[in-house]
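Q: Handing you this structure, nothing more for now.
Numbering (this note's numbering), first residue to last: 1 to 357.
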């Protein structure tokens, strides 16, 4: 019996697979079938077709809404990612700019020391260089007057070294201001091969990156200003609506396909529709499996009945055995009663009883 039950479970699983395939085939039939002009359909089929079309329209609208929100979020993410890339490029460019500005500042420092800077460049650089230049000149003169290897000269040289380290930042500052003002022509750039070209390159690249950054930042600000609620929350709500609409349209397609099959199955052109042929095969297979399950169920029921018969037969034998014992007890009791009655008759003769009466 256990083997029969396992076989029934296996066949039920097969039926479940066939039912899944049937649902898929019904849905495919509903989605792909093109009605023929010479094949009029019943009102029920027309109504199911209408409901399926409405469900599809609802799903397409929900899908379009979801894609719009998703596209909006992608735009913000793409532009934000691009902003990050540009900002990293600007940081890297700043290092190259410092090198160019340091070279411009060094040329300006040299010209400042020889008093060959143009008036405008001098006025720009003097607030940057003046104090440092005076200090450097003072320390240089002091070291020249001091005795070699003296403590005083060592202190002066140490101060002079620190002053020179500070000069680097001043050179970058002066070069940056000159480049920003566009006064690099006041310097003899031709003395440094390629410096003019490098300055033009970093300047052009800075302008391009700044312009591109402003474009993306403006676009992100505009996109965010159009939103009144969280786009991620809207996307999740829209996704649920789309999923529900898709499930509804799939269900309507299955219902429409089932109705189509019922009418197309007996039609002469049914063989031209592959889904109808496949559905018929699956339904026949399910019917055979159900019949086989019924037969196996009958066998199980018959086995159960045989087991019940065996049990009841044993009970009958037991009851009959009990009945025989009871019959013997009754016979013994009857014999005892008769024996006692005879003794009564011996002890009390019948005529004495009659005369007493």
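Glycine included, each C-beta is placed from N, C-alpha and C at the ideal position.
What do you get for residue 247, buried or exposed, if any count of 16 or more other CB atoms within 10 angstroms of its CB means buried?
A: In the chain shown, residue 247 corresponds to position 247, counting from 1. Exposed, since its Cβ has fewer than 16 Cβ neighbours within 10 Å.
Q: Is it right to say residue 156 is buried, meaning 16 or more other beta carbons lie within 10 angstroms of its own, or is it exposed?
A: Reading the chain shown from its first residue, position 156 is the one you call residue 156. Classification of residue 156: buried, given that the 10 Å Cβ count is 16 or more.
Q: Out of 90, 29, 55 and 2, which one is the CA nearest neighbour of residue 214?
A: As a position in the chain shown, residue 214 is number 214, starting the count at 1. Looking at the Cα atoms, 90 is the closest of the given residues.
Q: Which residue from 308, 292 and 337 puts its Cα closest to that of residue 5?
A: Within the chain shown, numbered from 1, the residue matching residue 5 stands at position 5. If we check each option's Cα against that of residue 5, 292 comes out closest.
Q: Which of the three DSSP states, helix, strand or coil, is assigned to residue 266?
A: Here residue 266 is taken as the residue at index 266 of the chain shown, counted from 1. Three-state DSSP puts residue 266 in coil, outside helix and strand.
Q: Run the CB neighbour count on residue 177, radius 10 Å, all protein chains shown included, and call it buried at 16 or more, exposed below.
A: Here residue 177 corresponds to residue number 177 of the chain shown, with the count starting at 1. Burial call: buried.
Q: Counting only the same chain and skipping the five closest in sequence on each side, list residues whose C-beta sits under 8 Å from that of residue 102.
A: Here residue 102 refers to the residue found at position 102 when the chain shown is read from its first residue. So the list reads 168, 171, 172 and 175, once near-sequence residues are dropped.
Q: Quick one: Cα of residue 250 to Cα of residue 257, how far?
A: For the purposes of this step, residue 250 is taken as residue 250 along the chain shown, with counting starting at 1. For the purposes of this step, residue 257 is taken as residue 257 along the chain shown, with counting starting at 1. Whole-angstrom Cα-Cα distance: 10 Å.
Q: Just reading off the alpha helix (DSSP H) that residue 331 is part of, what are its end residues?
A: In the chain shown, the residue the question calls residue 331 occupies position 331. Counting along the chain, the alpha helix (DSSP H) containing residue 331 begins and ends at 274-347.
Q: Can you check which of these residues, 210, 183, 347 and 86, is closest to residue 124 by C-alpha distance?
A: Translated into the one-based positions of the chain shown, residue 124 becomes position 124. Measuring from the Cα of residue 124, the nearest candidate turns out to be 183.
Q: Residue 193 by DSSP, collapsed to three states: which one?
A: Walking along the chain shown from the start, residue 193 turns up at place 193. In this structure, residue 193 counts as coil in the three-state DSSP scheme.
Q: Where does residue 100 fall in DSSP's three states?
A: As a first step, residue 100 is located in the chain shown; it is residue number 100 there, counting from the start. Residue 100 falls in the helix class under three-state DSSP.
Q: Looking only at its chain, what residues have a beta carbon closer than 6 Å to the beta carbon of residue 357, apart from the 5 residues adjacent to it on each side?
A: As a working mapping, residue 357 is identified with position 357 in the chain shown. Reliability of the predicted coordinates at residue 357 is poor, the pLDDT of 47 falling under 50, and the value obtained from them is presented with this limitation in mind. Here the set comprises nothing.
Q: For residue 204 versus residue 163, is the C-beta spacing smaller than 8 Å?
A: Within the chain shown, numbered from 1, the residue matching residue 204 stands at position 204. Within the chain shown, numbered from 1, the residue matching residue 163 stands at position 163. For residue 204 and residue 163, no; Cβs fall outside 8 Å.
Q: Using a 10 Å radius around the Cβ and a threshold of 16 neighbouring Cβ atoms, would you call residue 337 buried or exposed?
A: The count along the chain shown starts at 1 and reaches residue 337 at position 337. Under this definition residue 337 is an exposed residue.
Q: Rounding to the nearest angstrom, what Cα-Cα distance links residue 138 and residue 187 in this structure?
A: Along the chain shown, read from residue 1 onward, the residue named residue 138 stands at position 138. Along the chain shown, read from residue 1 onward, the residue named residue 187 stands at position 187. Here the alpha carbons of residue 187 and residue 138 stand approximately 26 Å from one another.
Q: In the DSSP assignment, find the alpha helix (DSSP H) that holds residue 14 and state where it starts and stops.
A: Within the chain shown, numbered from 1, the residue matching residue 14 stands at position 14. That run of the alpha helix (DSSP H) goes 2-32.
Q: Going by Cα to Cα distance, which pick from 230, 97 and 41 is closest to residue 196?
A: Translated into the one-based positions of the chain shown, residue 196 becomes position 196. Of the candidates 230, 97 and 41, the one whose C-alpha sits nearest the C-alpha of residue 196 is 97.
Q: Output the distance between the C-alpha atoms of residue 142 and residue 209, rounded to the nearest integer angstrom.
A: Position 142 of the chain shown holds residue 142. Position 209 of the chain shown holds residue 209. Computed Cα separation, rounded: 48 Å.
Q: Grab me the residues of residue 15's own chain with a C-beta within less than 6 Å of its C-beta, minus the 5 sequence neighbours each way, in chain order.
A: Translated into positions along the chain shown, residue 15 becomes position 15. These residues qualify, in order along the chain: 286 and 289.
Q: Using a Cβ-Cβ cutoff of less than 7 Å, which residues in the same chain neighbour residue 1 once the five nearest sequence positions on both sides are dropped?
A: Here the question's residue 1 lines up with position 1 in the chain shown. Closer than 7 Å at the Cβ level, and outside the excluded window around residue 1, lie 300 and 303.
Q: In chain order, what are the residue ranges of uninterrupted alpha helix (DSSP H) at least 4 long that sit wholly in the segment 89-170?
A: 119-145
Q: Run the CB neighbour count on residue 134, radius 10 Å, all protein chains shown included, and call it buried at 16 or more, exposed below.
A: As a first step, residue 134 must be located in the chain shown, where it is residue number 134. Residue 134 should be labelled exposed.
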